[in-house]
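Colleague:
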Amino acid sequence: MNERDSEAVAAQLVAKGYSLAPSENFADVILLNTCSVRDFAEQKAIGKMQNLAADVRKNRPNVVLGFMGCMAQSRGQELVDKLPDVDLVIGTQKFHRTADYLDEIISGTREKIVDVKAEEKSEATIREHLLNGNSQKSVSAFVSIMQGCNQYCTFCIVPYTRGEERSRTIPDIVNECRELVSRGVKEITLLGQIVTSYGKRDSSLTTHHSSLSPFVQLLEAVHEIDGLERIRFTSPHPKGYGDDLIDAYARLPKLCESAHIPVQSGSDRVLKLMHRGYTREKFLGIIKKLRAANPEIGITTDIIVGFPGETEKDFEETLSLAREVEFDNAYIFKYSPRRDTPAAAMPDQVPQKIREERNQQLLETVNEIGKRKYNSFVGRQTQILVEGPSKKNAARMSGRTRCNKIVLFDGSERHRGQIMDLKITRAGSFTLYGDPAIVNL
Ligand code: 5AD
C-alpha cells in the first residue's frame, strides 16, 4: 500500500516537471512515506529522518525534508516540533497536495506545512503510475480501490491513520486498469486495507439487485478487460470470504489461485479480544472451501504473537492452526502496542521475552511447512509471468506462479512480460528455481 502511494506521489511530481533522483544524495526533495502498524516502523522512519537532517542537510541546506503517510497522519505537528529539520508533514488523505505544498515551500511562501485533515473523495486520488520508472516496462501494477477500514481490530492503528472506509467507483477503477493494460501491464493487484468490504458502505457504487457482493462485482468488471492476464488482490478479511468470492476462483480464469488471508490467531478467545469477527472454525471452513474450489491455491497469512492476555494454551492453538492449514507462508508479528488502540490498555500484556520466544517457535513451524510445500514443486511444470531481473542477481530473471511463488531462471530481457511454462528444478527459501529449456526439449 505504501509503495503504491509513494509511486503515485512520485508520478504526480514527475508530471509537474520534477525528475526522480538516483538516490537521496542527489535529491532536492526527500519525502519519507511512513508506516505506523508497529512501533518499529515508526522508530525506523524517525531515525532515518534524523540521519538525513544530520548528513544531507548539513551539506545542502536547501533540501526539503518531509514525512508522508500513516505516521505523518497520527503524529502531525508533533513531528515538526520534535524534529525541527522537517519542512512538510502530509497525512494519508493529502498525498495529492504534495506538489502544491512543495511549490509553496520552495518559493518561500510558507516555511513549514502540516496537513493531516480528512478530505472527501481522497480515495480516488491515488491513480497516477510511474510505469517506466527505471526505464523498464512494468508487467505488474497495483491499483488502489479503497481507503480506510471500519473493522476496528483492537490492536490496529489503521482506522485512525487511514480513516473510514471509502471506495472508488467501478468505472473509475476499471478505467485506471484499462489504461495500465494499454501501457503493457499484464497483472493487476487490487489494493485496499480491507478489500472484501469494497463498496459495502455506498450502495450507489454497485448494482444492488445483484446477488454478488460489490467486491465480486468489481472483480468481474476488471476481468472483462482485454489484454489483462492476471488479477490478484490484497488484503481481504476472512469475514468477506463469502461463497460468491470462493466461486470467483473457479469461475474467473484471470483471478490467480492465491490468497493472503490474515488470520492473526488460532485461539477463539484471542480472536474475540482482537475483535476479528470470526472463529477458528469459520476460518478453517473458508480454507477448506477455497481448496475445494481450486486445490492449487497458494494461501498465506498474517499472525500476531503475544497479543495481551495470550496464554500458552492460546499460542498452542495458533501453532496447531498453522499446522492444520499448512500455509505456504505466514508473516509473523510480535504484538506492538499502538497509541489509542484498545489492546494497548488491556490487562496481561505479554512480556517481550515471551513474545520473542513465541515468534521464534511459530517461525520455525511456518518455515518447516513452507519448505515442504516449496519442495513439492520440484520436478513439476508450472506457468509463470516474468516480471524482470531478479533483485539479488541481475543475470537471472524473476517471475511468479499463479499461486504467487517467486521463480528464478536464467533468462534475459526478452522474457519480460511473457507468460511461460518452465520446469521447477530446485527450491530455496521461499523461492523456486526453474528451467525453461527442459520444457522445450
Ligand atoms: N502489533 C503487531 N502486529 C500488528 N499488525 C497490525 N497491528 C499490529 C500490532 N499492533 C499486523 C497484523 C496485520 C499486519 C499488516 O500487521 O498481522 O495483518
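Converting from the sequence shown to my numbering requires adding 1338 to each position, the first position being numbered 1.
The beta carbon of each residue, even a glycine, is placed where N, CA and C say it ideally should be.
All values reported here derive from a predicted model rather than from experimental measurement.
Any heavy atom of the ligand 5AD within a distance shorter than 7 Å of the CB on D1640?
Modeller: The residue given as residue 1640 occupies position 302 in the sequence shown. Because some heavy atom of the ligand 5AD lies under 7 Å away, the Cβ of D1640 counts as near it: yes.
Colleague: What three-state label does DSSP hand F1768 in the structure shown?
Modeller: As a first step, residue 1768 must be located in the sequence shown, where it is residue number 430. Looking at F1768 - three-state DSSP - the assignment turns out to be coil, as it is neither helix nor strand.
Colleague: Can you say whether Q1381 is buried or exposed, counting buried as having 16 or more other CB atoms within 10 angstroms of its CB?
Modeller: The sequence position of residue 1381 within the sequence shown is 43, counting from 1. Exposed.
Colleague: What separation, rounded to the nearest whole angstrom, lies between the Cα atoms of S1473 and H1753?
Modeller: Locating residue 1473 in the sequence shown gives position 135, where the first residue counts as 1. Locating residue 1753 in the sequence shown gives position 415, where the first residue counts as 1. Confidence at S1473 is low in this model, with a pLDDT of 48, below 50, so its placement is unreliable and the value that follows should be read with caution. Their backbone Cα atoms lie some 16 Å apart in a straight line.
Colleague: Run the proximity test for F1784: is its beta-carbon closer than 7 Å to any non-hydrogen atom belonging to the ligand 5AD?
Modeller: This structure does not reach residue 1784, given that the chain is present from 1339 up to 1779, and the question cannot be answered.
Colleague: According to DSSP, is R1281 helix, strand or coil?
Modeller: Outside the displayed range of the chain (1339 to 1779) lies residue 1281, so it cannot be described from this structure.
Colleague: With distance defined between alpha-carbon atoms, name the residue in Q1555, A1732, E1664 and S1736 nearest to L1723.
Modeller: Residue 1723 sits at position 385 when you count from the first residue of the sequence shown. Of the listed residues, the one whose Cα sits closest to L1723 is S1736.
Colleague: Rounded to whole angstroms, how far is the Cβ of R1506 from the Cβ of G1486, which I believe are closer than 8 Å?
Modeller: Here residue 1506 is taken as the residue at index 168 of the sequence shown, counted from 1. Here residue 1486 is taken as the residue at index 148 of the sequence shown, counted from 1. Not quite, the Cβ-Cβ distance comes to about 12 Å (not below 8 Å), so this is no contact.
Colleague: Tell me whether S1736, by its Cβ, gets closer than 7 Å to a heavy atom of the ligand 5AD.
Modeller: Within the sequence shown, the letter at position 398 stands for residue 1736. S1736: no, Cβ never under 7 Å from the ligand 5AD.
Colleague: Which whole-angstrom value describes the C-beta separation of I1642 and F1671, a residue pair presumed to lie in contact below a C-beta threshold of 8 Å?
Modeller: Walking along the sequence shown from the start, residue 1642 turns up at place 304. Walking along the sequence shown from the start, residue 1671 turns up at place 333. Yes, I1642 and F1671 are in contact; Cβ-Cβ is about 5 Å, under 8 Å.
Colleague: Among N1697, A1733 and F1768, which residue has its Cα nearest to the Cα of S1714?
Modeller: Translated into positions along the sequence shown, residue 1714 becomes position 376. Out of N1697, A1733 and F1768, F1768 has the C-alpha closest to the C-alpha of S1714.
Colleague: Looking at C-alpha atoms only, which residue of I1569, H1598, T1447 and D1425 is the closest neighbour of G1578?
Modeller: In the sequence shown, counting from the first residue as 1, residue 1578 sits at position 240. With distances taken between Cα atoms, G1578 lies closest to H1598.
Colleague: Have a look at S1605, K1626, F1653 and I1511 and flag the residue whose alpha-carbon is nearest the alpha-carbon of R1618.
Modeller: If you number the sequence shown from 1, residue 1618 lands on position 280. With distances taken between Cα atoms, R1618 lies closest to S1605.
Colleague: Is F1493 near the ligand 5AD, with its Cβ less than 7 Å from a heavy atom?
Modeller: Walking along the sequence shown from the start, residue 1493 turns up at place 155. Result yes, Cβ under 7 Å from the ligand 5AD.
Colleague: Is the beta carbon of G1772 sitting closer than 8 Å to the one on I1762?
Modeller: Residue 1772 sits at position 434 when you count from the first residue of the sequence shown. Residue 1762 sits at position 424 when you count from the first residue of the sequence shown. Result yes, Cβ atoms of G1772 and I1762 sit closer than 8 Å.
Colleague: Apart from the five residues just before and just after G1522, which ones in its own chain have a Cβ nearer than 6 Å to its Cβ?
Modeller: Along the sequence shown, one-based indexing puts residue 1522 at 184. Excluding positions up to five away in sequence, the list reads K1475.
Colleague: Specify whether the segment 1354-1370 and the segment 1401-1412 touch according to this definition: at least 3 beta carbon pairs, one from each stretch, less than 8 Å apart.
Modeller: These segments touch.
Colleague: Taking the C-alpha atoms as reference points, what is the distance between A1559 and M1387?
Modeller: The sequence position of residue 1559 within the sequence shown is 221, counting from 1. The sequence position of residue 1387 within the sequence shown is 49, counting from 1. Rounded to the nearest angstrom, the two C-alpha atoms are 42 Å apart.
Colleague: Looking only at its chain, what residues have a beta carbon closer than 6 Å to the beta carbon of D1640, apart from the 5 residues adjacent to it on each side?
Modeller: For this step, residue 1640 is matched to residue 302 along the sequence shown. Once the five neighbours on either side are set aside, the close Cβ partners of D1640 are P1600 and Y1669.
Colleague: What residue from N1667, H1547 and V1608 has the CA that sits closest to Y1673's CA?
Modeller: Locating residue 1673 in the sequence shown gives position 335, counting from the first residue. It is V1608.
Colleague: To the nearest angstrom, report how far apart V1424 and L1417 are at their CA atoms.
Modeller: Start at 1 with the first residue of the sequence shown, and residue 1424 comes out as number 86. Start at 1 with the first residue of the sequence shown, and residue 1417 comes out as number 79. Computed Cα separation, rounded: 7 Å.
Colleague: Distance check for L1760 and L1779, CA to CA, integer angstroms please.
Modeller: The count along the sequence shown starts at 1 and reaches residue 1779 at position 441. The count along the sequence shown starts at 1 and reaches residue 1760 at position 422. Residue confidence is low: L1779 scores 48 on pLDDT, short of 50, so the model does not pin down where it sits. No coordinate-derived value is stated.
Colleague: Quick one: grab the DSSP three-state call for N1340.
Modeller: Numbered from 1 along the sequence shown, position 2 holds the residue referred to as residue 1340. The answer is helix: DSSP assigns N1340 an H, G or I state.
Colleague: What ranges does the alpha helix (DSSP H) occupy inside the segment 1361-1437, keeping only unbroken runs of at least 4 residues that lie completely in it?
Modeller: 1377-1397, 1408-1413 and 1415-1420, all fully within the segment 1361-1437.
Colleague: Relative to the alpha-carbon of D1540, which residue among L1518, N1632, C1515 and E1502 has its alpha-carbon at the smallest distance?
Modeller: Within the sequence shown, the letter at position 202 stands for residue 1540. Selected option, being the one with the closest Cα: E1502.
Colleague: Report the rounded CA-to-CA distance for R1342 versus L1657, giving the unit in angstroms.
Modeller: What you label residue 1342 is simply residue 4 of the sequence shown in a count that begins at 1. What you label residue 1657 is simply residue 319 of the sequence shown in a count that begins at 1. Cα-Cα distance, rounded: 33 Å.
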